[in-house]
Amino acid sequence: MPEKGRRPRLAVWKFASCDGCQLSLLDCEDELLAVAGAIDIAHFPEASRRSLAGPYDLSLVEGSITTPGDLARIREIRRNSRTLITIGACATAGGIQALRNHADIEEYIAVVYAHPEYIDILARATPIADHVAVDFELRGCPVNKGQLLEVVNAFLNGRPPAIPAYSVCVE
260 MPEKGRRPRL AVWKFASCDG CQLSLLDCED ELLAVAGAID IAHFPEASRR
310 SLAGPYDLSL VEGSITTPGD LARIREIRRN SRTLITIGAC ATAGGIQALR
360 NHADIEEYIA VVYAHPEYID ILARATPIAD HVAVDFELRG CPVNKGQLLE
410 VVNAFLNGRP PAIPAYSVCV E
């Protein structure tokens, strides 16, 4: 939680993904407006051009790590975040990008790109937790917006999120 008398600072980050989890947050509309009154949205490119430097009280991270630049950036985000929560299958398990982990990445690059020498990617697409400490993982593709709101509200109220231990598909 932030210092007394200051609203918590929220940052929402994107790595290799389709943006679906960020859109789930934006789809919350009325609920998001209520939450927005309780927090300071410091960084959320899908919603605003405003981008404030850290530290952040809560960072929501979407996407998997696929490039050396991603790796450096997630480490910096972790250093500047009191709480870091990964959202979605890409961030928690590597997502669809991780399918490349079962093939020859050099062959893919040579076939797909006209100038493969310009492509700088890691050998494997990996979840965020492979690189930094994660405080909570919210799974799904995309994440369930009700569960996403529960995670943010739990953070604001200083309690653990009340998220079922099973997939929403079971319901």
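Residue numbers are given in my numbering: position 18 of the sequence shown equals residue 277, and the series is strictly consecutive. Backbone N, C-alpha and C fix where the C-beta goes; we use that ideal spot for every residue, glycine too.
Residues that ALA369 bridges to, as DSSP identifies them:
Here residue 369 is taken as the residue at index 110 of the sequence shown, counted from 1. DSSP, once it has assigned bridges, lists no residue as partnering ALA369.
Which of helix, strand or coil does DSSP assign to PHE414?
Against the sequence shown, residue 414 aligns to sequence position 155. Helix.
Quick check on this structure: which residue in GLY264, SER276 and ARG266 has the alpha carbon closest to the alpha carbon of GLY399?
To locate residue 399, count along the sequence shown from 1; it is residue 140. Nearest C-alpha to GLY399: SER276.
In angstroms with no decimal places, state the Cα-to-Cα distance between LEU330 and ILE346.
Translated into the one-based positions of the sequence shown, residue 330 becomes position 71. Translated into the one-based positions of the sequence shown, residue 346 becomes position 87. Taking the straight line joining both Cα atoms gives about 17 angstroms.
Are the region 370 to 386 and the region 409 to 424 in contact at 8 angstroms, needing three or more beta carbon pairs?
No: the two stretches stay apart, fewer than three of their Cβ pairs being nearer than 8 angstroms.
At a cut of 8 angstroms, does the region 387 to 397 reach the region 283 to 290 through at least three beta carbon pairs?
no
Under the three-state DSSP convention, the category THR351 falls into
Stepping through the sequence shown from its first residue, residue 351 is reached at position 92. Reduced to three states, the DSSP call for THR351 is helix.
Enumerated in chain order, which unbroken segments of the alpha helix (DSSP H) with a length of 4 residues or greater are wholly contained in the region 268 to 342?
279 to 285, 289 to 295 and 327 to 338
Rounded separation between ILE298 and ILE422 - CA only:
For the purposes of this step, residue 298 is taken as the residue at position 39 of the sequence shown. For the purposes of this step, residue 422 is taken as the residue at position 163 of the sequence shown. Their Cα atoms are separated by approximately 22 angstroms.
Tell me, please, whether the region 379 to 387 touches the region 296 to 316 by the rule of three or more beta-carbon pairs shorter than 8 angstroms.
No, the region 379 to 387 does not touch the region 296 to 316.
LEU397 lies in the beta strand (DSSP E); which residues open and close that run?
The residue given as residue 397 occupies position 138 in the sequence shown. LEU397: member of the beta strand (DSSP E) spanning 395 to 397, first to last residue.
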